[in-house]
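Enquirer: Residue numbers (the UniProt record's numbering): 1 to 196.
Cβ coordinates follow ideal geometry from the N, Cα and C atoms, glycine included.
All values reported here derive from a predicted model rather than from experimental measurement.
Structure below; questions to follow.
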């Protein structure tokens, strides 16, 4: 079927202001999994000291909450039973500039939905230099940045992004053509026809 999302529901929306909007995906489902959330928190605090403007949201067991510099890092595993309703997540993604993957577990449909809504993916590399999303999925029409998790490196990346933040985001037509549910449905239909 491929890595696809609903291109009608998942579309960019105008933001309230030009502050860079960052969405940090949920923490790991279980303890012991690589988690880059702390690096994001530290980088955001560091970048804010330069005067860069951010709005930061995180998906947690309390729902989607806005993060400020005084908020402690929640190190509790993410409970799947605490999921936020899909439409609320899509509304949040629609104004997100950067979608931050926190663990290899967050490299799934939510990442593609955020991209379809016009967000750029921040994809950490694992200890071996491999991105949390397989390289073959990171095709040219997908806006992404891979990096070795480091507060200093992330802070530099965020400051550069903040200087280019806009109120109305866009997405490429190539993205819609190659990653929409319409295409996924065509692939499924073709596969079913081959099975006859």
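Counting pairs of Cβ atoms below 8 Å between the region 16 to 28 and the region 58 to 67, do you hit three or more?
Expert: Segments in contact, yes.
Enquirer: Which first and last residues belong to the alpha helix (DSSP H) in which residue 113 is found?
Expert: 109 to 116
Enquirer: Classify residue 188: buried if its beta carbon has 16 or more other beta carbons within 10 angstroms, exposed otherwise.
Expert: exposed
Enquirer: Just verifying my parser: in three-state terms, what is the DSSP assignment at residue 153?
Expert: helix
Enquirer: If you draw a straight line from the alpha carbon of residue 42 to that of residue 5, how long is it in whole angstroms?
Expert: 31 Å
Enquirer: Does the Cβ of residue 69 have 16 or more other Cβ atoms within 10 Å, making it buried, or fewer, making it exposed?
Expert: exposed
Enquirer: Taking the alpha carbon of residue 40 as the point to measure from, which residue in 137, 131 and 123 has its own alpha carbon closest?
Expert: 123
Enquirer: Using three-state DSSP, classify residue 125 as helix, strand or coil.
Expert: strand
Enquirer: What first and last residue would you give for the alpha helix (DSSP H) that runs through residue 87?
Expert: 86 to 93
Enquirer: Would residue 121 be called buried (16 or more neighbouring beta carbons within 10 Å of its own) or exposed?
Expert: buried
Enquirer: Give the DSSP-derived three-state secondary structure of residue 37 in the structure shown.
Expert: helix
Enquirer: Looking at the structure shown, is residue 80 part of a helix, part of a strand, or coil, going by DSSP?
Expert: helix
Enquirer: For the beta strand (DSSP E) that residue 50 lies in, which residues bound it at each end?
Expert: Per DSSP, residue 50 belongs to no beta strand (DSSP E) and is neither H nor E.
Enquirer: On the three-state DSSP scale, how would you describe residue 32?
Expert: The answer is coil: DSSP assigns residue 32 none of H, G, I, E or B.
Enquirer: For a quick check, are the C-beta atoms of residue 96 and residue 111 less than 7 Å apart?
Expert: The Cβ atoms of residue 96 and residue 111 lie no closer than 7 Å to each other.
Enquirer: In this structure, does DSSP put residue 101 in helix, strand or coil?
Expert: Looking at residue 101 - three-state DSSP - the assignment turns out to be coil, as it is neither helix nor strand.
Enquirer: In whole angstroms, what is the alpha-carbon distance linking residue 152 and residue 127?
Expert: 18 Å
Enquirer: Roughly how many angstroms separate the alpha carbons of residue 88 and residue 18, rounded to a whole number?
Expert: 21 Å
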